[in-house]
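Asks: One structure, as structure tokens, below. Some questions next.
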Amino acid sequence: MTGAAEAGRVFITGASSGIGAALAREYAARGASLGLLARRGDALTGLIASLPHPERHRSYALDVLDHAALAAAAADFMAAHGGADIVIASAGISHGTLTERLEDLAVFESVFATNVTATVATFAPFVASMKAQGTPCRLVAIGSVAGVRGMRGAGAYCASKAAVHAYCESLRLELHATKIRVVTIAPGYIDTPMTRNNRFPMPFLMPAERFAAQAARAIARGDSYRVLPWQMGAAAKLLRALPNVVFDRVFAHAPTKHRKEAA
Numbered sequence: 001m002t003g004a005a006e007a008g009r010v011f012i013t014g015a016s017s018g019i020g021a022a023l024a025r026e027y028a029a030r031g032a033s034l035g036l037l038a039r040r041g042d043a044l045t046g047l048i049a050s051l052p053h054p055e056r057h058r059s060y061a062l063d064v065l066d067h068a069a070l071a072a073a074a075a076d077f078m079a080a081h082g083g084a085d086i087v088i089a090s091a092g093i094s095h096g097t098l099t100e101r102l103e104d105l106a107v108f109e110s111v112f113a114t115n116v117t118a119t120v121a122t123f124a125p126f127v128a129s130m131k132a133q134g135t136p137c138r139l140v141a142i143g144s145v146a147g148v149r150g151m152r153g154a155g156a157y158c159a160s161k162a163a164v165h166a167y168c169e170s171l172r173l174e175l176h177a178t179k180i181r182v183v184t185i186a187p188g189y190i191d192t193p194m195t196r197n198n199r200f201p202m203p204f205l206m207p208a209e210r211f212a213a214q215a216a217r218a219i220a221r222g223d224s225y226r227v228l229p230w231q232m233g234a235a236a237k238l239l240r241a242l243p244n245v246v247f248d249r250v251f252a253h254a255p256t257k258h259r260k261e262a263a
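So for the sequence shown, UniProt numbering puts the first residue at 1; every next one is plus one.
Okay, structure coming up:
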């Protein structure tokens, strides 16, 4: 990926905090023009004001579940900047869930809508334009090591991230003959507001800024799948290799994520 494309036109969802905001800061430091999308308009305004050359960046205060508004934001960004070089679907939510609790079905649906369907809705408006550009482009999904094996009390989140990984594999094959590379970044434990709610040990916890710098390098290379930090990648491979009988015995009593209580 050339320097112009690497630090060119970057559209990021879930950009108001956490991984999305860290990626925004990383790409702004590289000289990119950004389209930043999140529900909290005030947070986006503050973030853009803190970035180099704030006049280059556009904010879109909307929910990724509003697919029509998301498509309109994508069209506005491409019209303003003549296209897009990198699109990062970073919006995501995480809640503990228990299948026996009927009220958690709505939480399952919400997690899948935000983590999976919204990823598709983020990429879809850009594909035709990226094909027409004929230059190296990237579609980037933020997955998770949680998608490698299911964990107790985290069925919605683990299943949604596994779905993101499989979706990106399919999309990678769809776009194989083009100059669009599909990149899946699978974070381990990254220090963000989301992980600070976890009530269990988080090995290899990584600062968001370091994650963003390493993710940007993987995106520039066009890596198809990258776990960060690398130690979690090694741990994920070991987990995947464990026989089910061993995995079940080890993790059947692991701590669970916080459930979202009914309003």
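For glycine and all other residues, C-beta sits at the position ideal for the given N, C-alpha and C.
If you're wondering where the values come from, they're calculated on a predicted model, not measured in any experiment.
1. In chain order, what residues of the same chain lie with their CB nearer than 6 Å to the CB of R39, ignoring the 5 residues before and after it?
2. Using DSSP with H/G/I as helix, E/B as strand and the rest coil, what is T2?
3. Reducing DSSP to helix, strand and coil, say where I93 ends up.
4. List the residues that DSSP assigns as beta-bridge partners of residue 266.
5. Three-state secondary structure (DSSP) at T184?
6. Out of curiosity, what's the CA-to-CA distance linking L23 and N115?
7. Along the chain, where does the beta strand (DSSP E) containing Y189 start, and where does it finish?
8. If you compare alpha carbons, which of R138, S50, T192 is closest to G8?
9. Rounded to a whole number of angstroms, what is the C-alpha to C-alpha distance between M1 and K131?
10. Using a Cβ-Cβ cut-off of 8 Å (strictly less than) and excluding sequence neighbours within five positions of E209, which residues of its own chain qualify?
11. Tell me whether M130 sits in a helix, a strand or coil according to DSSP, three-state version.
12. Can you tell me whether D85 is buried or exposed? The criterion is at least 16 other CB atoms within 10 Å of its CB, across all chains shown.
Replies: Concretely, from the data shown:
1. Counting from one through the sequence shown, the residue named residue 39 turns up at place 39. The residues are D63.
2. Stepping through the sequence shown from its first residue, residue 2 is reached at position 2. Residue placement at T2 cannot be trusted, given a pLDDT of 39 that sits under 50; what the coordinates show is reported in the next sentence. Secondary structure of T2 (DSSP, three-state): coil.
3. Sequence index remark: in the sequence shown, residue 93 carries index 93 (1-based). Three-state result, I93: coil.
4. For residue 266 there is no data in the structure shown, the boundaries of the chain being 1 and 263.
5. Position 184 of the sequence shown, counting from 1, holds the residue named residue 184. Assignment of T184 by DSSP, reduced to helix, strand and coil, places it in the strand class.
6. As a first step, residue 23 is located in the sequence shown; it is residue number 23 there, counting from the start. As a first step, residue 115 is located in the sequence shown; it is residue number 115 there, counting from the start. If I take the Cα positions, the gap works out to 18 Å.
7. The sequence position of residue 189 within the sequence shown is 189, counting from 1. Premise fails: Y189 is in no beta strand (DSSP E) and is neither H nor E.
8. As a first step, residue 8 must be located in the sequence shown, where it is residue number 8. Minimum Cα distance to G8 is reached at R138.
9. Taking the first residue of the sequence shown as 1, we reach residue 1 at position 1. Taking the first residue of the sequence shown as 1, we reach residue 131 at position 131. Residue placement at M1 cannot be trusted, given a pLDDT of 41 that sits under 50; what the coordinates show is reported in the next sentence. About 15 Å.
10. In the sequence shown, residue 209 corresponds to position 209, counting from 1. Once the five neighbours on either side are set aside, the close Cβ partners of E209 are A22, R25, E26.
11. Here residue 130 is taken as the residue at index 130 of the sequence shown, counted from 1. Looking at M130 - three-state DSSP - the assignment turns out to be helix.
12. The count along the sequence shown starts at 1 and reaches residue 85 at position 85. Buried.
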